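Participant: Be aware that the sequence shown starts at 11, since it is given in the numbering used here, and climbs by one per residue. This is the structure I want to talk about, given as structure tokens.
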Amino acid sequence: MDYLPVSWRLRDQLALLVGGGDIALRKGRLLVRAGARLRVVAPQIEAELKLLIEQQGGEWLPETYQTHHLDGVVLAIGATDDNDVNRQLNADAVARQLPVNVVDNPPLCTFIFPAIVDRDPLLISISSGGASPVLARWARSKIETLFPARLGKLAELMGRFRKPLAEKLPQIGARRLFWEGLLDGPLMEKVLAGQQAEAETLLSDAVTNADIQKLSQGEVYLVGAGPGDPDLMTFRALRLLQKADIVLYDRLVGKGILELARRDAELVYVGKARNEHVVPQQEINNLLVKYALEGKKVCRLKGGDPFIFGRGGEELDSVVAAGISFQVVPGVTAAAGCASYAGIPLTHRDHAQSVRFITGHRKDGSVDLPWANLNTVNETLVFYMGLVSLAEICSNLLAQGMATDMPAAIVSRGTLEDQQVIISSISSLPDKVATMEVAAPSLLIIGTVVTLHPRYSWFM
Ligand code: SAH
């Protein structure tokens, strides 16, 4: 992050604007909207700028820029096409530790203006850190369509009820949940429909009836976060993640996904690389219960789907036993994610009429599976946690008479930017993999559907 977004109170502060043309005017309008007074330094200025100065009680100095023009101002803007003036202004402001912006000249700026979606008092600012104003404006137009123009009214209404609500619900967490519940419900509808009086009654009743008990009850969300690409999360997963006070995650959860949690949420790493169960399973189960009993909304983020090799059931057992309310959110399981992103359909009319998800996890030093039962025709086998036992899996399938040239694929770090797909046959895949570095996590897919990979490959 090269720039820190802040919201700056400028009311009645003096801002220096060097330049009097069209660009200066645009900046002048913006500053005046925020209540600033203008000191405009330029031999000539636009008529509208003069008007703005009159309205707001600023001044126009028809001179060329000099250092003393910075006296008493809180920020400086250079809007001239005279490079010497711009550089001088920058140097002077920096020497005085005053924020300075020279329009369209990032090296001479200590701050930049974001694109703004104005639903006053709700303001959304978007910045590309100066890299691409066009991109920032594009993002703004997307956001404009998401936030109806009446949203400002809603913000104003909520502002008025802040104090009464704080008296009713002293805990900030309970208040947040109160507002979230209302925003997802009828309050928003009423305001957007322009039914201001009804909205006000509704809000006033809700504040009167706010139930601290109900709002401060803990909950557990067992959430499938998908195989890695944050785009593959469900809407509900995102909603609950953003509601959570505390997030328990492990190595399978992609970094981009954690960034979607609330800024003030506590993130707890509970490990789970192979052979490295940082926090033992029983302790994870206990933690879920402990936090929920403290009244927290606890999000247990799982890679893929919580109920597919995710020990989701076990984690819920303790929660159920403690009588805590919970939700389970399905996720895109690794098999589905890897299959799509590697272009390997798991079923296909000409290849496979069924697909099996199997764990290749070793128990007591070997993989204990009903091998005879796995050598079927027209079926795709997907092994989770199969890399360590790859040689054992392949040799057992061969021993059951599976064709030596049966195609097999390993998809490593599926759906992530560094996804890697290794294709071979079951007889030669183990040797091939032995010579390579395969990053975890990885999935093994066996079946003739693997031959379709070149045709349907689209990712990277
Ligand atoms: N609940 C998860 C599976 C957990 S078991 C799900 O539904 O996907 C862990 C195994 O999942 C890993 O050993 C690996 O085989 C597989 N896996 C998870 N994410 C993966 C990814 N991004 N790419 C490849 N395999 C993955």
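All C-beta atoms, glycine included, are put in the ideal place defined by N, C-alpha and C. Small disclaimer: the values here were computed from a predicted structure and weren't measured.
1. Along the alpha helix (DSSP H) that carries Pro196, what are the first and last residues, could you check?
2. Around the Cβ of Ser467, are there at least 16 other Cβ atoms within 10 angstroms (buried) or fewer (exposed)?
3. Since Lys373 sits in a beta bridge, which residues does DSSP pair it with?
4. Using the rule of at least 16 other Cβ atoms within 10 Å of the residue's Cβ for burial, across every protein chain shown, is Gly195 buried or exposed?
5. Kindly give me the distance between the Cβ atoms of Thr343 and Ile318, rounded to whole angstroms, as I take these residues to be in contact under 8 Å.
6. By the DSSP assignment, the beta strand (DSSP E) with Met390 in it spans what residues?
7. To which residues does DSSP link Ser350 through a beta bridge?
8. State yes or no: is the C-beta of Tyr231 nearer than 7 Å to some heavy atom of ligand 1?
9. Using the beta-carbon count (16 or more within 10 Å), is Leu145 buried or exposed?
10. Which term fits Gln429, buried or exposed, when burial requires 16 or more other beta carbons within 10 angstroms of its beta carbon?
11. Secondary structure at Ser438, three-state DSSP: helix, strand or coil?
12. Could you spell out the range, first to last residue, of the alpha helix (DSSP H) harbouring Leu193?
13. Glu427 by DSSP, collapsed to three states: which one?
14. Is it the case that the CB of Arg423 approaches a heavy atom of ligand 1 more closely than 7 Å?
15. How far does the beta strand (DSSP E) with Pro417 in it reach, from first residue to last?
16. Alpha carbon to alpha carbon, how far is Val263 from Thr458?
17. DSSP state of Lys307, grouped into three classes?
18. Taking contact to mean at least 3 C-beta pairs separated by less than 8 Å, is the segment 174-187 in contact with the segment 211-226?
19. For Ile420, which of Leu156, Met446 and Ala209 has the nearest alpha-carbon?
20. Once you ignore the five residues that flank Arg321 on each side, which residues in its own chain have a CB closer than 7 Å to its CB?
21. Mapping DSSP to helix, strand and coil, what is Phe336?
22. How should Asn111 be labelled, buried or exposed, when 16 other C-beta atoms within 10 angstroms of its C-beta is the threshold for buried?
23. Using CA atoms only, rank isn't needed, just tell me which of Val460, Glu208 and Arg49 is closest to Ala349.
24. Can you tell me whether Thr343 sits near ligand 1, meaning its C-beta is under 7 Å from at least one heavy atom of the ligand?
25. Closer than 6 Å by C-beta to Gly38: which residues in its own chain qualify, once you throw out the five before and the five after it? Chain order, please.
26. Helix, strand or coil: which one does DSSP assign to Ala103?
27. Please check the pair Glu113 and Ala89, which I expect to be a contact at CB under 8 Å, by giving their CB distance rounded to whole angstroms.
28. Once DSSP output is grouped into helix, strand and coil, what is the label at Trp148?
29. Let's test the definition: count the other Cβ atoms within 10 Å of the Cβ of Val42 and tell me whether it reaches 16, buried, or not, exposed.
30. Apart from the five residues just before and just after Ile122, which ones in its own chain have a Cβ nearer than 6 Å to its Cβ?
31. Hey, could you find the ends of the beta strand (DSSP E) Ile136 is sitting in?
32. Are there any heavy atoms of ligand 1 lying less than 7 Å away from the beta-carbon of Phe121, as far as the coordinates show?
33. Could you check whether the segment 401-410 touches the segment 437-457, counting it as contact only if at least three pairs of C-beta atoms, one from each stretch, sit closer than 8 Å?
34. Can you name, in chain order, every residue of its own chain whose Cβ lies under 6 Å from the Cβ of Ala254, other than the five neighbours on each side?
35. Which ranges would you report for the alpha helix (DSSP H) in the segment 206-279 if only whole runs of at least 4 residues count?
36. Identify, in the order they occur along the chain, each residue of the same chain with its Cβ nearer than 6 Å to the Cβ of Ala52, setting aside the five sequence neighbours on each side.
Facilitator: Looking at the coordinates:
1. Pro196 to Leu202
2. exposed
3. Ser376
4. exposed
5. The beta-carbon distance between Thr343 and Ile318, rounded to whole angstroms, is 5 Å. This is short enough to meet the 8 Å contact definition.
6. Note that residue 390 is Thr in the sequence shown here, rather than Met. Segment Glu389 to Tyr394, the beta strand (DSSP E) holding Thr390.
7. For Ser350, which the question treats as bridged, DSSP gives no partner whatsoever.
8. Tyr231: no, Cβ never under 7 Å from ligand 1.
9. exposed
10. So Gln429 counts as buried.
11. coil
12. Ile182 to Leu193
13. coil
14. yes
15. Per DSSP, Pro417 belongs to the beta strand (DSSP E) from Pro417 to Ser422.
16. 30 Å
17. strand
18. yes
19. Met446
20. If you ignore the 5 residues before and after Arg321, its C-beta comes within less than 7 Å of the C-beta of Gln291, all in its own chain and listed in chain order.
21. strand
22. buried
23. Val460
24. yes
25. Taking C-beta separations shorter than 6 Å and ignoring five residues to either side along the sequence, the partners of Gly38 in its chain run Leu27, Leu48, Leu59 and Leu62, following chain order.
26. helix
27. Sequence inspection shows Val at residue 113; the Glu mentioned does not correspond to that position. Confirmed, about 5 Å.
28. helix
29. Here Val42 is buried: its Cβ has 16 or more other Cβ atoms, across all protein chains shown, within 10 Å.
30. Gly140
31. Leu132 to Ile136
32. no
33. yes
34. Ala275, Lys307 and Cys309
35. Fully enclosed alpha helix (DSSP H) runs of 4 or longer: 206-219, 222-225, 245-253 and 265-268.
36. Gly29 and Gly30
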